[in-house]
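Below is one structure, written out as structure tokens; the observations come after it.
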Amino acid sequence: MTSEATYSGDPDVLDFVAAVARASGEVVQMPDGRAGVVQGLKAVAVGDPLGVRVSGVVTVAKTADICFIDGGKVYWDRSANAAHFRPQSGDFLLGTAHGDAAAAALTMAVDLNAGQNNLIDFDGNPGEVLWTSEATDGVGVTAATLAAPTMLSFDAVAEVAQAALFPTLTEHHVPVADGPILEMEVAVYDIGDDAALDITFGLANGSHATDFDAVTEAVIFHLDGTALDILAESDDGTTEVAATNTTKDCVDDTFFEVWIDCRNPADCQLYIDGVNVLPDTVFDISAATGPLFPIVHIEKTNNDTLADVRVKRISLRTTDLP
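Position 198, counted from 1, in the sequence shown is what our numbering calls 233; the numbers after and before it change by one each time, with no gaps.
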């Protein structure tokens, strides 16, 4: 009987003939888009056999002064030959962070080509039905399909107005004890012209039609009025941290990335563009009964100020490990 299958090699290491010279340990992109690491103890010359590892945990150089949270996406910065949390032109996905990586670290561990197993994602899938768009007067959420980026906006009518975006289903609302880790990409295209405007994004146990401060449990980022300063605050019904300046400012018409790490709910860690902000401030939500969910929320009092806030990505995952 003719064999129906023959062993072709280790699926973790793919075999090629080198078309160009490669260095051992060099990070490359495969024809199918995956990341790979050149195997061997010495350089590979043109025409030599070339083995490329496409899975497993590898250690790579890391962009200076940038943090990574365990399980976060890692991209390969071709120009710097280092891992980065955000892709630029020509960069590619390397995998996910294997463990945390501090800003001062020069290297980091990456689970090669691993993907995130998020509880819920908002990432531009047309016809997304897992997200609620909430609006009270104003223009509200303008993208009917909730495709990313979605815009939350106000027109110039002098009125009380609110708009919000958050998960619809209760199974996408998580207990505090589940160690939620939130990632968001947000941009402010119009900050308005009056202190009547408030912009909020993060984790909370509810929304509100007129006053987000009335929400009882939250750990959030916040922009107040016409200021581009990004503030942070938390409240669990027992301990409250008032809005505190992170010393990071958003830039008009430019997306920035925020992470909220609640693996230790007694001391949540907050990040803006890969930088741990207010690390000495204790954002304690351990007394919160939850459940919490991601939310982007804008509101204004009786005023004609405009607003335009856009959301490109929201990802929420949970973990039982520290």
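Quick reminder that beta carbons are idealized off the backbone N, C-alpha and C, glycines included.
What you are looking at is a predicted structure, and each value in this text was computed from that prediction instead of being measured.
The count of Cβ pairs closer than 8 Å, one atom from the region 194-202 and one from the region 317-324, stays below three, leaving the stretches out of contact. Under DSSP, glutamate 268 forms a beta bridge with Ile255. Under DSSP, phenylalanine 127 forms a beta bridge with Trp111. For phenylalanine 157, the secondary structure class from DSSP, reduced to helix, strand or coil, is strand. Approximately 11 Å separates the beta-carbon atoms of valine 346 and isoleucine 234; this is outside 8 Å, ruling out the contact. Counting along the chain, glutamate 169 sits inside the beta strand (DSSP E) bounded by residues 166-171. For the pair alanine 267 and valine 254, the CB atoms are nearer than the 9 Å cut-off. Distance from the CA atom of glutamine 64 to the CA atom of threonine 261, rounded to whole angstroms, is 44 Å. Between the region 269-282 and the region 299-317, the count of Cβ pairs shorter than 8 Å is three or higher; the stretches touch. Shortest Cα-Cα distance from arginine 348 to any of Asp225, Ala239, Val276 and Thr185 involves Thr185. Annotation for valine 72: the continuous beta strand (DSSP E) segment containing it runs 70-73. One Cα belongs to phenylalanine 247, the other to threonine 354, and the distance between them is close to 28 Å. Out of Gly227, Ser124 and Ala80, the CA that lies nearest to the CA of arginine 113 is found in Ser124. Where phenylalanine 247 is concerned, there is no enclosing beta strand (DSSP E), because DSSP gives it neither an H nor an E. Per DSSP, reduced to three states, the secondary structure at aspartate 213 is helical. In terms of Cα proximity to glycine 227, the closest of Glu334, Lys108, Pro300 and Ser90 is Glu334. The C-beta distance from threonine 171 to alanine 244 rounds to 5 Å, short enough to fall under 8 Å.
In the three-state reduction of the DSSP assignment, threonine 205 falls in the helix class, which pools H, G and I.
Between the C-alpha atoms of alanine 56 and glycine 150 there is a straight-line separation of about 30 Å.
In the three-state reduction of the DSSP assignment, threonine 281 falls in the strand class, which pools E and B. The Cβ-Cβ distance between isoleucine 155 and proline 326 does not fall below 9 Å. Within the same chain, Cβ atoms closer than 7 Å to the Cβ of isoleucine 265 are found at Phe256, Leu258, Thr281, Lys283, Asp284, Cys285 and Ile307, the five residues on either side in sequence being excluded. At a Cβ-Cβ threshold of 9 Å, aspartate 339 and alanine 191 count as neighbours. Scanning its chain for C-beta atoms nearer than 8 Å, with the 5 sequence neighbours on each side dropped, one finds around cysteine 102 the residues Asp135, Ala136, Ala137, Ala138, Tyr306, Gly309, Val310 and Asn311, in chain order. The continuous beta strand (DSSP E) containing glycine 237 extends over residues 232-239. Around the beta-carbon of proline 300, 16 or more other beta-carbon atoms lie within 10 Å, marking it buried. By the Cβ neighbour-count rule, leucine 187 is buried, with 16 or more other Cβ atoms within 10 Å of its own.
If you draw a 10 Å sphere on the C-beta of aspartate 270, you find 16 or more other C-beta atoms in it, and that means buried. Linking glycine 82 to leucine 128 through their CA atoms gives a straight-line distance of about 27 Å.
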